[in-house]
Amino acid sequence: MENKDVLNKEVLLEVKNLKKYFNVGKGKTLKAVDDVSFVINKGETLGLVGESGCGKTTCGRTVMGLYEATGGEVLLEGKDISKLSNKEKREYSKTVQMIFQDPYASLDPRMTVGDIIAEGMDIHNMYSGDKRVKKIYELLETVGLNKEHISRFPHEFSGGQRQRIGIARALAVKPKFIVCDEPISALDVSIQAQVINLLIELQRKHNLTYLFIAHDLSMVRHISDKIGVMYLGKLMEIGESNEIYKNPAHPYTQALMSSIPVMDEDELEHKNRIVLEGEITSPINPKEGCMFASRCKYAEDVCRKVTPKLRELDKGHFIACHIK
Ligand code: SF4
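Be aware that the sequence shown starts at 32, since it is given in our numbering, and climbs by one per residue.
Next up, the structure:
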């Protein structure tokens, strides 16, 4: 039976009450990801946004299987990844790929571009000889590079080109799902749109599903079908991208939205920047209550005592807030 979400779309990935805690010594626990749930439909993108340290990258890495979850479940096509056999784990490592934040650090400087791109194909014994070379040529062209680049080294390329190499490496094993971990934040603004457009084009062509992690809300809008907003390990709001941009409901999302730069003068006149004040709550051994309470102008007593659960505001639009 097909797995469908609330909007009756086919689900590829389901994350249920995911927790990833780190022991930070002296009996203290950092709750990097705390009770996070979402689904991503086939061929779609969930943009996961929030300030640095909110747990979005830890969430992506736990979904990838790079970290073992402290609690909760990650289901790909209905299968719990913590219960995979060794053979299935090997298959999972092919089905799920990652594009990293820093194209400078994520490519081995001693390897040729051809060998970097073929790394996954080689691990999984997918091609050899002429077929392998042909496949690398195809991938180079797919990401907008040339055949001649096959024998070059990463340092000979610009940041944008290196990220294209990283994308080719991820695509090489024919994944279904890619975690894009801030893939544009280390790039010049002029190059960011090119990389986003390439990812959108590849998604359409190969029916790829993305978890797109970012702190830049303006770029996330162009690629995301849904947006999830994280704050100190918690998912504060999630919904269809257009709905979140038009009607952000959570006070934290509203503040994030207000900080997106606008080009249009009329829009600028109507835009009220919300400046967050107050101390940031520590995610180490946090108390019950809303993690955002110390910075929220709407906070009431209940906010400091009871942790708000996600509730549905509108079809497919959820927030974790007592008041809004
Ligand atoms: Fe603000 Fe309370 Fe809502 Fe948290 S639960 S965002 S503190 S109003």
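C-beta atoms are modelled at their ideal positions from N, C-alpha and C, and glycine is treated no differently.
- How is valine 260 classed by DSSP in three states: helix, strand or coil? Reduced to three states, the DSSP call for valine 260 is strand.
- Query: Quick one: what's glutamate 438 bridged to in DSSP?
  - Reply: An answer regarding residue 438 cannot be provided, because it is not within the stretch 32 to 355 covered by the chain.
- Confirm, please, whether the CB-CB distance from alanine 245 to leucine 344 is below 8 Å. Not in contact: leucine 344 and alanine 245 (Cβ atoms no closer than 8 Å).
- Message: Threshold first: 4 residues or longer. Then list the alpha helix (DSSP H) segments lying entirely within the stretch 220-292, N to C.
- Response: Listed in chain order, the alpha helix (DSSP H) runs fully inside the stretch 220-292 are 220-237, 248-254, 272-277 and 282-289, counting runs of at least 4 residues.
- Query: If you measure from each residue's Cβ to the nearest non-hydrogen atom of the ligand SF4, which ones come out under 5 Å, in chain order?
  - Reply: For the ligand SF4, residues qualifying as neighbours are Pro282, Cys321, Phe323, Ala324, Cys327, Tyr329, Ala330, Cys334, Pro339, Cys352, His353 and Ile354, where qualification means a beta carbon closer than 5 Å to at least one of its heavy atoms (chain order).
- When Gly91, Gly109, Val64 and Met95 are compared against threonine 101, the one with the closest alpha-carbon: For threonine 101, the closest of Gly91, Gly109, Val64 and Met95 by C-alpha to C-alpha distance is Val64.
- Task: Check the DSSP bridge columns for tyrosine 52 and list the partner residues they point to.
- Result: Lys62, per the DSSP bridge assignment.
- Query: Which term fits arginine 141, buried or exposed, when burial requires 16 or more other beta carbons within 10 angstroms of its beta carbon?
  - Reply: Looking at its Cβ environment, which holds fewer than 16 other Cβ atoms inside 10 Å, arginine 141 is exposed.
- What does a CB cutoff of less than 7 Å around glutamine 132 pick up in its chain, not counting 5 residues either side in sequence? Within the same chain, glutamine 132 has close Cβ partners Asp212, Glu213, Pro214, Ser216 and Ala217.
- Could you spell out where the alpha helix (DSSP H) holding cysteine 334 opens and where it closes? Here the alpha helix (DSSP H) through cysteine 334 covers 332-336.
- Query: In whole angstroms, what separates the C-alpha of alanine 149 from that of alanine 199?
  - Reply: Those two C-alpha atoms are separated by around 9 Å.
- May I have the straight-line CA-CA distance separating glycine 145 from arginine 183, to the nearest angstrom? Whole-angstrom Cα-Cα distance: 8 Å.
- Task: Please report the Cβ distance between alanine 351 and leucine 266, rounded to the nearest whole angstrom; I am assuming they are in contact, meaning their Cβ atoms lie under 8 Å.
- Result: Contact between alanine 351 and leucine 266 holds: CB atoms are separated by about 7 Å, below the 8 Å threshold.
- Item | Cβ neighbour criterion (16 or more within 10 Å) applied to asparagine 72 | Buried: at least 16 other Cβ atoms inside 10 Å.
- Can you give me the start and stop residues for the beta strand (DSSP E) that cysteine 211 sits inside? First-last of the beta strand (DSSP E) with cysteine 211: 208-212.
- Query: To which residues of the same chain is threonine 60 closer than 8 Å at the C-beta, ignoring the five residues directly before and after it?
  - Reply: Around threonine 60: Tyr52, Phe53, Asn54, Ile315 and Asn316.
- Taking the C-alpha atoms as reference points, what is the distance between valine 42 and lysine 207? Lysine 207 has its alpha-carbon roughly 12 Å from the corresponding atom of valine 42.
- Task: Answer yes or no: do histidine 155 and lysine 125 have a C-beta to C-beta separation smaller than 8 Å?
- Result: Taking C-beta atoms as the reference points, histidine 155 and lysine 125 count as a pair closer than 8 Å.
- Hey, would you say leucine 44 sits closer than 8 Å to glycine 103, going by beta carbons? Leucine 44 is not a Cβ neighbour of glycine 103, given a cutoff of 8 Å.
- Rounded to a whole number of angstroms, what is the C-alpha to C-alpha distance between glutamine 128 and glutamate 169? Straight-line Cα distance between these residues: approximately 19 Å.
- Query: Considering only the beta carbon of each residue, do isoleucine 275 and isoleucine 258 sit closer than 8 Å?
  - Reply: A Cβ-Cβ contact shorter than 8 Å links isoleucine 275 with isoleucine 258.
- Query: For valine 204 versus methionine 157, is the C-beta distance shorter than 8 Å?
  - Reply: Contact flag set, yes.
- Query: Under a three-way DSSP split, which group does leucine 307 fall into?
  - Reply: In the structure shown, leucine 307 sits in coil (DSSP, three-state: anything other than H, G, I, E or B).
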